[in-house]
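To keep things clear, I will list the structure first and then write my remarks on it.
There are 2 protein chains.
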Amino acid sequence: MRIGELAERAGTTTRTLRYYESRGLLQARRAENGYRTYDEGDLRMVRQIRTLQDFGFDLEETRPFVDCLRAGHPAGDSCPASLAVYRRKLGELDTLIGQLQSVRTEVGAQLARAELEASAEVPGGPEPRCELNREDEDR
Amino acid sequence: MRIGELAERAGTTTRTLRYYESRGLLQARRAENGYRTYDEGDLRMVRQIRTLQDFGFDLEETRPFVDCLRAGHPAGDSCPASLAVYRRKLGELDTLIGQLQSVRTEVGAQLARAELEASAEVPGGPEPRCELNREDEDR
DNA sequence: GTAGTCCTTGACGTCGGCGTCAAGGCAAGG
DNA sequence: CCTTGCCTTGACGCCGACGTCAAGGACTAC
Chain A
1 MRIGELAERA GTTTRTLRYY ESRGLLQARR AENGYRTYDE GDLRMVRQIR
51 TLQDFGFDLE ETRPFVDCLR AGHPAGDSCP ASLAVYRRKL GELDTLIGQL
101 QSVRTEVGAQ LARAELEASA EVPGGPEPRC ELNREDEDR
Chain B
1 MRIGELAERA GTTTRTLRYY ESRGLLQARR AENGYRTYDE GDLRMVRQIR
51 TLQDFGFDLE ETRPFVDCLR AGHPAGDSCP ASLAVYRRKL GELDTLIGQL
101 QSVRTEVGAQ LARAELEASA EVPGGPEPRC ELNREDEDR
């Protein structure tokens, strides 16, 4: 199959496939006329890459999976190097999720505090005080 | 104070402050010699921006907070527009955290499955099968 | 005067993962 | 023959938040 069909069957674009090739993830045979030629194994590789990218893996992280498939293994994650990437990713995800949760907590607290002060200001409070402290201005 | 001191006191760089100015977030007065001049209010604005960026807000999202400070309010989140940004951000965070958690679950499941198959392969299993199905190759 | 440190504007570089355009080759149908 | 639709390589564009370099002006200290 040629690049257009591979792109369509993998749910991506020809540009993306050529980009993968430029990164050394995909290796195409060439027909006599110079066209790239792919087989079902290539389709599996591309699908593996796409799946991992959907998970938020960046391209370099998909390389072990692709290498694993190219080595003839039945799945991209049949190799130790792929499992190592999985594990590293899990750690990164846990860290990131934790950070986001603490940010969420902080932002939530800020919102609650700001809403409180706003409601304390409205029901008869003073106008918004529109002057700064002018004493200590130029350092 | 001049740009170098502001940068230092805000924990950032002069390049960053000029960038903020180019984005319209910061407005510097000019001394006779052309140097930018800042006051304590500017320092508060920069610190507000930095705090929000640490939370993962992008620059545009900090604009309402800066505008609020410039309008003379005591805090950057004393204005409704800022509260709206807080709320929107909370929603985005919840969505993102949820997505990451489901990814985490999926990756964890993949890892567990792959580890199982690997352990089923090792203790006397066959060599890694290094041939692909060749029948249905060229589509 | 001159060395050193600050400041100025302008412009190009970075990173990832492509999008998009340009200019042209190849194959098939009418 | 001509159009259409695929394919080729090459190269610039994009986004965000700056980093980094260049060339030169301003001010201070000695």
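Protein chains in written order, with full-length UniProt numbering: chain A, 1 to 139; chain B, 1 to 139. Ideal Cβ placement from N, Cα and C applies to all residues, glycine included. As the structure is a prediction and not an experimental result, all values here were calculated from the model.
Item	Value
Looking at the structure shown, is Thr-14 of chain B part of a helix, part of a strand, or coil, going by DSSP?	helix
Decide if the region 31 to 43 of chain A is in contact with the region 51 to 61 of chain A; the criterion is three or more beta carbon pairs, one per stretch, under 8 Å apart.	no
Please confirm whether Gln-110 of chain A has its beta-carbon closer than 8 Å to some beta-carbon of chain B.	yes
With a threshold of 8 Å between beta carbons, is Gly-91 of chain A in contact with chain B?	no
For Ala-61 of chain A, is the classification buried or exposed, using 16 other Cβ atoms within 10 angstroms of its Cβ as the cut-off for buried?	Inspection of the sequence shows that residue 61 of chain A is occupied by Glu rather than by Ala. When all chains shown are included, Glu-61 of chain A counts as buried.
Is the region 103 to 112 of chain A close to the region 89 to 97 of chain B, with three or more CB pairs under 8 Å?	yes
What's the C-alpha gap between Ile-97 of chain B and Gly-11 of chain A?	26 Å
Can you list, in chain order, the stretches of the alpha helix (DSSP H) that have 4 or more residues and sit fully within the region 42 to 128 of chain A?	59 to 70 and 80 to 121
Let me know the secondary structure DSSP gives Glu-135 of chain B once reduced to three states.	Because the pLDDT at Glu-135 of chain B is just 42, under 50, the model does not fix this residue reliably, and the value given afterwards should be weighed accordingly. Correct three-state label for Glu-135 of chain B: coil.
Examine chain A for any beta-carbon lying closer than 8 Å to the beta-carbon of Ser-78 of chain B, and answer yes or no.	yes
Return the CA-CA distance between Met-45 of chain A and Leu-69 of chain A, expressed in angstroms with no decimal places.	7 Å
Report, in whole angstroms, the separation of the C-beta atoms of Ile-3 of chain B and Leu-25 of chain B, which I expect to be a contact under 8 Å.	No, Ile-3 of chain B and Leu-25 of chain B are not in contact; Cβ-Cβ is about 14 Å, not under 8 Å.
Identify which residue in B:Val-85, B:Glu-21, B:Gly-41 and B:Gly-72 has its Cα closest to the Cα of Arg-111 of chain A.	In the sequence as presented, Arg is not what sits at residue 111 of chain A; that position holds Leu. Selected option, being the one with the closest Cα: B:Val-85.
Which of helix, strand or coil does DSSP assign to Arg-23 of chain A?	coil
Does DSSP classify Arg-2 of chain B as helix, strand or coil?	coil
Check whether chain A comes within 8 Å of Tyr-35 of chain B, counting only Cβ atoms and requiring the distance to be less than that.	no
On the CB-based measure, 16 or more other CB atoms within 10 Å of its CB, does Asp-58 of chain A come out buried or exposed?	exposed
Under 8 Å by Cβ, that's how I've got Leu-48 of chain B and Gly-72 of chain B pegged, so tell me the actual separation to the nearest angstrom.	In the sequence as displayed, the identity of residue 48 of chain B is Gln instead of Leu. So it is not a contact: roughly 14 Å between Cβ atoms.
Indicate whether at least one CB of chain B lies closer than 8 Å to the CB of Gln-101 of chain A.	yes
Would you say Glu-137 of chain A reaches chain B, if we count a Cβ-Cβ gap shorter than 8 Å as a contact?	In this prediction, Glu-137 of chain A has a pLDDT of 39, which is less than 50 and means its spatial position is unreliable; nothing more can be read from the coordinates.
Using the beta-carbon of each residue, which ones in chain B are nearer than 8 Å to Val-107 of chain A?	Phe-55, Tyr-86, Lys-89, Leu-90 and Leu-93
So, at 7 Å on beta carbons, what are the nonlocal neighbours of Leu-6 of chain A in its own chain, with the 5 sequence-adjacent residues on each side left out?	Leu-17, Tyr-38, Asp-42, Leu-43 and Val-46
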